[in-house]
Amino acid sequence: MSDERVNIVQGEFAVGDKPEVVIQTLLGSCVAVCAFDPVAGVGGMNHFLLPGDSGSKGVDYTVRHGAYLMELLINGILKRGADRKRLNAKIFGGANTVKGIGEPIGQKNIDFARRYLGAEMIPIVSESVGGSVGRRLKFWPASGRAQQAYIAPPKEEFTLPYQKVGNAKAGEIELF
Amino acid sequence: MTFARHLKVLVVDDTTVSRMLVCDGLWSFGVKDVLIAQDGDQALKMLMQTPCHLVISDYNMPKMNGIELLKAVRAYAPTKNTGFILVTGKGDKALIDEGRKYGLNNFLLKPFTNDGLRNCLEKVVGKLT
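Going down the list, the protein sequences come from chains U and E. Residues are numbered in this note's numbering as their position in the first sequence, beginning at 1, plus a constant of 717. Residues are numbered in this note's numbering as their position in the second sequence, beginning at 1, plus a constant of 867.
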């Protein structure tokens, strides 16, 4: 069965419940949250970048913006028949692709995703975040399977938050 | 006691973070008598036991959306005049018109600021101070 590909860009989200649907995106400092219900076989992915400067809107505007994007994803999945109590999440991205310019945006996005999912009690079952290179991400929402490839081989080592399984070399596709 | 401290508000949203953001905003301008419901059913049960001046409800909720909750609130005699603000990410005319048909008092677009929440609320209940 050939894949039905759905591409999303920053600020977008997609949900699906068919086995052939795969959601794709490219990530730099942005973060993608993949959420799925393994029993109902439905899931979705978003792609967000928190505003770097909230300006006169107040420092919590970035949180409100991010919360809205997360809510769209989760409610979209729930409307397809998922049960909130069964939701799991995987997070990707948040690379520090532009060094030396102010606060690392990637880390802000990662921290937001972790805090949000923690507050909503949605467990993060796997993640690939940080580093200095972009990622190409595919997510099959019906199964919760994710596949990632680095866009360029990492020039330097970075520490993954969890112990890697297997001996994948930099640049090769990794399954999460 | 300021008017804000007299106000009893019910916040309805199925997402924890979203409820926190509304409550945080309300607290920031002195509205501290706040009840919380996670969905429309719970909101209706709470309103039957505890009369509130105002309901601030998310539109996009899975089981009963904000408009459906509004209809139910207006259909129940003790709450037919309770203030109702709908919080929504989309402010399209069709949604607002439907809300007005059922007695919606105001709507608030996401993502909102605390000042935006206050302005929206004051248009319904009057100045808070």
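Built from N, CA and C at the ideal position, the CB exists for glycine as well.
The stretch 919-941 of chain E: positions lying closer than 7 Å to chain U by Cβ: Asn927, Pro929
Leaving out the 5 sequence neighbours to the left and right, which residues in its chain are closer than 6 Å to E:Thr996 when beta-carbon positions are compared? Thr869
Secondary structure of E:Ile952, DSSP reduced to three states: strand
Delimiting residues of the alpha helix (DSSP H) encompassing E:Met915: 907-916
Starting from U:Met762, follow its DSSP beta bridges and name the residues at the other end. U:Ala731, U:Cys751
Quick check: what's the CA-CA separation for U:Phe753 versus E:Lys994? 44 Å
Let me know the secondary structure DSSP gives E:Lys990 once reduced to three states. helix
Output needed for E:Val991: all residues of its chain with C-beta closer than 7 Å, excluding positions within five of it in sequence on either side, in chain order. Leu921, Gly950, Ile952, Asn972, Asn973
When E:Thr917, E:Arg872, E:Phe979 are compared against E:Ala904, the one with the closest alpha-carbon: E:Thr917
Run the CB neighbour count on U:Glu844, radius 10 Å, all protein chains shown included, and call it buried at 16 or more, exposed below. buried
Per-residue DSSP class, three states only, for E:Val879: strand
Check whether the Cβ atoms of E:Tyr926 and E:Val884 sit closer than 8 Å, and answer yes or no. no
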